[in-house]
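Working notes, beginning with the structure itself.
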Amino acid sequence: MPAIERSRPQAPPLAKIVLWVTLLLLHTPILVMILGALIEKTPDSWNWTLRWFAEVVNDQALMDALKNSVFVGVIASLLSTVIGTSAAVGLYRSAGGWRWAVEGLSVVSLVFPEIVFALSLLSLFFILQFELGLTTVVIAHVSFSISYVMMTVGARLATLDRSLEDAARDLGATEWQTYRSVVLPLLVPSIIGGGALSFLLSFDDFLITYFVNGVGQDTLPVKLYTAMKLGVSPKLNALSSLMFVMTLLALIFFFRSSAFRVFFEARGKHESKSEKENP
Amino acid sequence: MKLRDLFLLPVGLWFVVFVLLPLIIVGVVSFATRGTYGGVEWSWTMANYVRAFSPTYLGIFAESFKLALVTTGFCLVLGVLVSWAMATSSTRLRQLYLMAIVLPFLTNLVIRIYAIRLFVGAEGPLQAGLTFLGIPFDAFALTQNKWLVLYGMITTYLPFMVLPLYGAFEKFDFSLVEAAQDLGADVWKILFTVILPNLKKALWAGSLLVFIPSLGEYVIPDLLGGAKNMLYGNLITEQFLKARDWPFGAALSVLMMVLLLVLALVFRMWEARRARN
C-alpha cells in the first residue's frame, strides 16, 4: 500500500489486531444472520433459497407494521424537517433572546437517556389523556429528530457566505425575500440530509415507540422485538436482513451528504462544541 | 417581534410542550401515590424516594452502575487502540474503517441483538462450533448471561467512543510521536506520555457518551441477559409498563437524571478549570 502518509508513524501491531478483532466481532453476527436468511436446511442438505423473503412479503402483519413504520417515518421526518429548519434559520447569527432557551432544550432532547425521554412522553400523554396510537408515535419521533435537523442545517448555515445576503439586502430585498430566495436554496442539500437522517432515526427507533404506541399498531422494530421474544427463525432473519439492507443504503447516502457526522457531533455537543462540518 | 423570532416559535412551542413539560410531569408524578389499580393518585408523598433508597433497589442501581463503568472502561481501551490504528492507516482505508465502525451502529439495535442471539443460540454457529470441537457447554446458560450483555453493550456503544477519539487523532500532530521516537521512547511510553494527554478532552467526551446511555439501557439486558439480570433501565420500564407503579418509576428516573446532571456539571467544571489554565 503506497498511500501511507509518512507523517503518521504506524500504530503498534497490537492496535491493528484489536481493530480487526473488533470489526470481526461487530460484523460476524450480522453476516451469519444474512446467510441464515438465504439458506434452507433440509435434513440432508443446505440449499440457497429466497423462500424466507417471500414469506416476509406475504405476511400481512409484517406488511402492516412496515406500512406503519413508513407512515410514521414520512410524517415525522417531514414535520421535524420543517420545524428544525425553521429553528436553525431562527438561530442563525442571532444572539440573546430565545437563543439560549431553544439551544438548551435541544441539548436536553439529545442527551437525555432514551428511557427517560420515553417514559416522560408516556406520562404527558397520560395526563393530557391522549389516546396512544400512531399520532403519539409521530409526536415522539418528531421530538427527538428536531435537534438533529437543527444540527445538520445549522452546520451548513455556519459556512454560508454572508456577503450573499448583504448583496440581496443592498438590492432592496426584504428580510423574508432574502431568506426565501438566497438562504433557503443554499440550504437544500442539508435540509434533504436532515430529513433523511430523521427518517432513519424514526424508522429504527424501538424503545420510544415501544412506550408510546397504541395496541395493535406496531412498527417494524417493535414487531421484530415481540417476535424475537419467541425465538429466532429463518423468516425473522429475512426480515432483519431486509431492514439491514435499507440501513446500508441509507448509510451510503449519508456518507455522501455527511449528515452522519452531525449525528455524533450532535450527541457530543454539550461535551465538545461541535466543529465545522467536514465537506 | 422580529421575523427571526417567528422562525423560533414552532420549535420553542414543540420543545416546551413535548420535552420540557413531560420532564416536569415526571418530577411531579414522582411525589404522587400509586392508585389502587395502577395510575396516579394526587396525594403527595416522599415514600417513592425512600423506597428507591432501600437495599434491593440500591443493589440494582449498583449493578447497573458497575455495568456502565465496565462498558465504558472496555470501550475506552478498545476505542484508543482502534482509533489509533484507524488514524495511522492510509487515507482510503481510513474511510473504509470508519464506515465499518459506523455501519453496525446505524443498524437497528433490535436487529443487531437478534443477530447476536442467532449467533449464540441453539443450532447457531457458536454452539455448532463448540459441539464440533467437543467442548461441553450449557446451551441455556450460553444464550442468556452477563457476558453476552457486556458484549452487546460494548458493540453498541463503541462508536460513541471511537468517533470522538478518531476525530482527535485526525487533528493530532504526529510529529510529536516522531520526536519521541527519535529520543528513544517505546510505543507504550509514547501512548501514555505523548498521545493520551493530548486526547484528554475526547477521552472524557467519549466516556460520557458511552456512560450516560449505558446507565439507562433497557433493550440489551432485556434480550441478552434473561430474567436474572435486573438492571436500572429494566426496573424503570417494569414500573411503567408492567407494575403500573408510575410514581415509583418516576422517582427512579428523577434520581437517574440527577446523577447524570451532576456528572455533566462535574465535567463542565473540569473543562472550565482546564480552559483557565
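Residue numbers (our numbering), protein chains in the order written: chain Z, 284 to 562; chain B, 75 to 351.
Every residue gets a Cβ at the ideal spot worked out from N, C-alpha and C, and that includes glycine.
These numbers come from a predicted model, not from an experiment.
| Query | Result |
| --- | --- |
| Measure the alpha-carbon distance for N219 of chain B versus M227 of chain B and round it to whole angstroms. | 13 Å |
| Go through its chain and collect everything with a Cβ distance to G497 of chain Z's Cβ below 6 Å, but skip five positions before and after it. | L415 and G416 |
| Under a Cβ-count criterion, where at least 16 other Cβ atoms within 10 Å of its own Cβ denotes burial, should Y188 of chain B be classed as buried or exposed? | buried |
| Hey, quick one: how far does the alpha helix (DSSP H) through N341 of chain Z stretch, first residue to last? | R334 to N341 |
| If I measure Cβ to Cβ from L447 of chain Z and keep anything under 7 Å in the same chain, skipping five residues before and after, which residues do I get? | V465 |
| Can you tell me which residues form a DSSP beta bridge with V114 of chain B? | B:R108 |
| Kindly identify the DSSP beta-bridge partner or partners of I322 of chain Z. | Z:W331 |
| Say whether the stretch 172-191 of chain B touches the stretch 260-276 of chain B, bearing in mind that this needs 3 or more beta-carbon pairs closer than 8 Å, one atom from each stretch. | no |
| Below 7 Å between beta carbons: does that hold for F489 of chain Z and P504 of chain Z? | yes |
| Let's test the definition: count the other Cβ atoms within 10 Å of the Cβ of L532 of chain Z and tell me whether it reaches 16, buried, or not, exposed. | exposed |
| Taking 8 Å as the cut-off, does the stretch 311-329 of chain B touch the stretch 421-434 of chain Z (at least 3 CB pairs, one atom from each stretch)? | no |
| Tell me the rounded alpha-carbon separation between A401 of chain Z and F135 of chain B. | 20 Å |
| L443 of chain Z: which of Z:L480, Z:S426, Z:A344 and Z:S473 sits nearest, CA to CA? | Z:S473 |
| Let me check understanding here. Comparing Cα to Cα, which of Z:Q412, Z:S377 and Z:S352 lies closest to A441 of chain Z? | Z:S377 |
| May I ask you to report which of helix, strand or coil DSSP gives E197 of chain B? | coil |
| Count the CB pairs spanning the stretch 193-210 of chain B and the stretch 266-273 of chain B that are closer than 8 Å, and state whether there are at least three. | no |
| Assuming T181 of chain B is part of the alpha helix (DSSP H), what are its boundary residues? | Per DSSP, T181 of chain B belongs to no alpha helix (DSSP H) and is neither H nor E. |
| Are there 16 or more other CB atoms within 10 angstroms of the CB of A510 of chain Z, so buried, or fewer, so exposed? | buried |
| Compute the minimum distance between the beta carbon of A451 of chain Z and the heavy atoms of the ligand MN, and state whether it is under 6 Å. | For the structure depicted, the ligand MN is absent and the ligand set is empty, with no information on it obtainable. |
| For a quick check, are the C-beta atoms of A348 of chain Z and D453 of chain Z less than 7 Å apart? | no |
| K518 of chain Z touches chain B at which residues, Cβ-Cβ below 8 Å? | Near K518 of chain Z there are no residues of chain B at all, since even the closest Cβ is about 12 Å away, more than 8 Å. |
| Pairs of beta-carbons, one from the stretch 455-464 of chain Z and one from the stretch 520-527 of chain Z, closer than 8 Å: are there three or more? | no |
| For the pair the stretch 395-410 of chain Z and the stretch 325-334 of chain Z, tell me if three or more CB-CB distances fall below 8 Å. | no |
| With a threshold of 16 other CB atoms inside 10 Å of the CB of M352 of chain B, please say whether the residue is buried or exposed. | Outside the displayed range of chain B (75 to 351) lies residue 352 of chain B, so it cannot be described from this structure. |
| Go ahead and label F234 of chain B buried or exposed: buried means 16 or more other beta carbons lie within 10 angstroms of its beta carbon, across all protein chains shown. | buried |
| If we count the other Cβ atoms within 10 Å of its Cβ and call it buried at 16 or more, is V420 of chain Z buried or exposed? | buried |
| From what residue to what residue does the alpha helix (DSSP H) around G147 of chain B run? | P129 to A161 |
| I need the straight-line Cα distance from P199 of chain B to L318 of chain Z, nearest angstrom please. | 11 Å |
| Just the chain B side, please: which residues come within less than 7 Å of F563 of chain Z by C-beta, in chain order? | Examination of residue 563 of chain Z is not possible in this model, given that chain Z is present from 284 through 562 alone. |
| Look at the Cβ atom of S288 of chain B, then the Cβ atom of T145 of chain B, and state whether they are nearer than 7 Å. | yes |
| Quick one: using the 10 Å Cβ neighbour count with 16 as the cut-off for buried, is F206 of chain B buried or exposed? | exposed |
| Under a three-way DSSP split, which group does D453 of chain Z fall into? | helix |
| Thinking just about the alpha-carbon of each residue, which of Z:M529, Z:T530 and Z:S516 is nearest to the one in K324 of chain Z? | Z:S516 |
| When you compare the CB of I310 of chain B with every CB in chain Z, is at least one pair closer than 7 Å? | yes |
| Is L97 of chain B close to chain Z? Criterion is C-beta to C-beta, closer than 7 Å. | yes |
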